[in-house]
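Residue numbers for the sequence shown follow the numbering used here, so the first one is 85 and each next one is one higher.
First up is the structure itself, then whatever we jot down about it.
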Amino acid sequence: MSQPSPPIVRTVAALRAQVAGWRGAGERVGLVPTMGALHEGHLSLVRLAKARAQRVVVSLFVNPTQFGPNEDFAAYPRDEAHDAALLATVGCDLIYAPTAAEMYPQGFATTVTVAGVSEPLDGAARPGHFAGVATVVAKLLLQCGADVAVFGEKDYQQLQVIRRLVRDLDIPVEIVGGPIARATDGLALSSRNAYLTPAERPVAAELHRTLAAAVEQLHAGRAVSEVEAEAVARLAAAGFARIDYVEVRGAEDLARLGPGPVRPAARVLGAAVLGRTRLIDNLAV
Ligand code: PAF
């Protein structure tokens, strides 16, 4: 028999009332912030949260402030009923799906910016993106008051921005990163993969293969700058229309590495556009 969908609340007051009830009963609460269009990657984050807390809230909110003017806010896939049915299968206890007016009421005037870690890579390619992310994530964490919040490592820079945000603002929550869920050919699962045409889909996995080859070359002692340049050339040859970056950086601060052999605790990150789909991926070195 199919499980009943989790209840949905749409206001901060209703969310807080439910979380306070669980807290009063001595239960730990987990939060998995999402923009909906859920896939196995999101479900794996909910399972991770469920392993760390008795109750798990999943937020569904396509956050307008993290999209640039020419990005895919309007086209971003939305299917709340399907998301709710998927969440029922992994033991989500509550869906928080606020309206834009609940999240950004009339007169809203505050933006949270995280300097440093949010500036390179996607911060440079998507101006304003991480301010939108940091602002909505700060709000979601404060609205929910969860003990633990889980974010996917596919958005690796976002995870580092959120870790910095939580430390800097003393938000009392443990941040947990969940491993990237991948298709059998290595493509990182993403809601945006729905934009790929059948012809583009096999090519998309080339991003993962390119990053994996870069990691091997780094282990073989090749210089960072050479490895990065070769990866960019490989993606261009595969048919990616625009390569925003392939860079090897410090795993926590995302600082640039020197041109020579890689230092420990590095991460290789890539972002490239195939057709109308912007793909990102990353691997530990
Ligand atoms: O990773 C996402 O889906 C979003 O950036 C997040 C963290 C839910 C904020 O809108």
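All C-beta atoms in this analysis are idealised placements derived from N, C-alpha and C, irrespective of residue type, glycine included.
The Cβ atoms of Leu295 and Val346 lie no closer than 8 Å to each other.
In the pairwise beta carbon analysis, the segment 253 to 262 is classified as not touching the segment 276 to 286: fewer than three pairs are separated by under 8 Å.
For Gly270, the closest of Asn277, Ala289, Arg276, Ala135 by C-alpha to C-alpha distance is Ala289.
Judged by beta-carbon spacing, Tyr240 lies within the 8 Å limit of Asn366, meaning their Cβ atoms are closer than that value. Relative to ligand 1, Phe192 has its C-beta separated by 7 Å or more from all heavy atoms. In this structure, DSSP gives Glu258 an extended state, which the three-state scheme calls strand. In this structure, Asn147 has its beta carbon less than 7 Å from a heavy atom of ligand 1.
In the three-state reduction of the DSSP assignment, Glu331 falls in the strand class, which pools E and B.
Sorting Leu132, Tyr180, Val221 by C-alpha distance to the C-alpha of Val103 places Tyr180 at the top.
Val245 places its beta carbon less than 8 Å from that of Phe214. Following the DSSP letters along the chain, one finds Ile264 in no beta strand (DSSP E), marked with neither H nor E. Less than 8 Å separates the beta-carbon of Gln150 from that of Val220. By a beta-carbon distance limit of 8 Å, Asp337 does not contact Ala355. Their separation comes to about 19 Å.
Shortest gap from the CB of Thr118 to any heavy atom of ligand 1: under 7 Å.
DSSP places Thr118 outside any alpha helix (DSSP H); the residue lies instead in the beta strand (DSSP E), whose first and last residues are 113 to 118. Scanning the segment 167 to 246 from its first residue to its last, the whole alpha helix (DSSP H) runs of 4-plus residues come out as 184 to 187, 206 to 209, 213 to 228.
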